[in-house]
Amino acid sequence: DYYEQRDFEGIRRETNNIQRNIKALFPIETTIKEARKIENLYKIIERKGGDFNLSEEEINLAKRLVY
Numbered sequence: 520d521y522y523e524q525r526d527f528e529g530i531r532r533e534t535n536n537i538q539r540n541i542k543a544l545f546p547i548e549t550t551i552k553e554a555r556k557i558e559n560l561y562k563i564i565e566r567k568g569g570d571f572n573l574s575e576e577e578i579n580l581a582k583r584l585v586y
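For any residue, its number in this note's numbering is found by taking its place in the sequence shown, counting from 1, and adding 519.
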């Protein structure tokens with residue numbers, strides 16, 4: 520463990536690795552959010568019997584209900 524060894528350079532390298540990994544994950548997070556929005560729209564349309572005429576409120580709700 521870099522902290523226990525008081526290895527500042529080791530901690531710096533590990534921090535840089537973590538930051539690179541986080542940057543790589545953000546596109547995945549965006550894709551997941553978009554997929555959930557589409558899933559929410561599908562559920563709303565399905566509950567309306569396949570009616571694609573959604574109100575602005577329904578569309579906004581589908582966009583906001585991304586968990």
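Just so it is clear, CB atoms sit at the ideal spot from N, CA and C, and this is done for glycine as well.
(request) Count the other C-beta atoms from every protein chain shown that fall within 10 angstroms of the C-beta of A581, then say buried if there are 16 or more, exposed otherwise. (result) buried
(request) Please look up how many angstroms separate the CB atoms of E577 and I557, rounded, as I've assumed it's under 8 Å. (result) About 14 Å separates the two Cβ atoms, so there is no contact after all.
(request) Go through its chain and collect everything with a Cβ distance to E533's Cβ below 8 Å, but skip five positions before and after it. (result) Y521
(message) Just to confirm the assignment, what range does the alpha helix (DSSP H) spanning R555 have?
(response) 527-566
(message) Please identify the residue among G569, Y561, K542, I537 whose C-alpha is closest to the C-alpha of L584.
(response) Y561
(message) Please report the distance separating the alpha-carbon of E575 from that of R531.
(response) 48 Å
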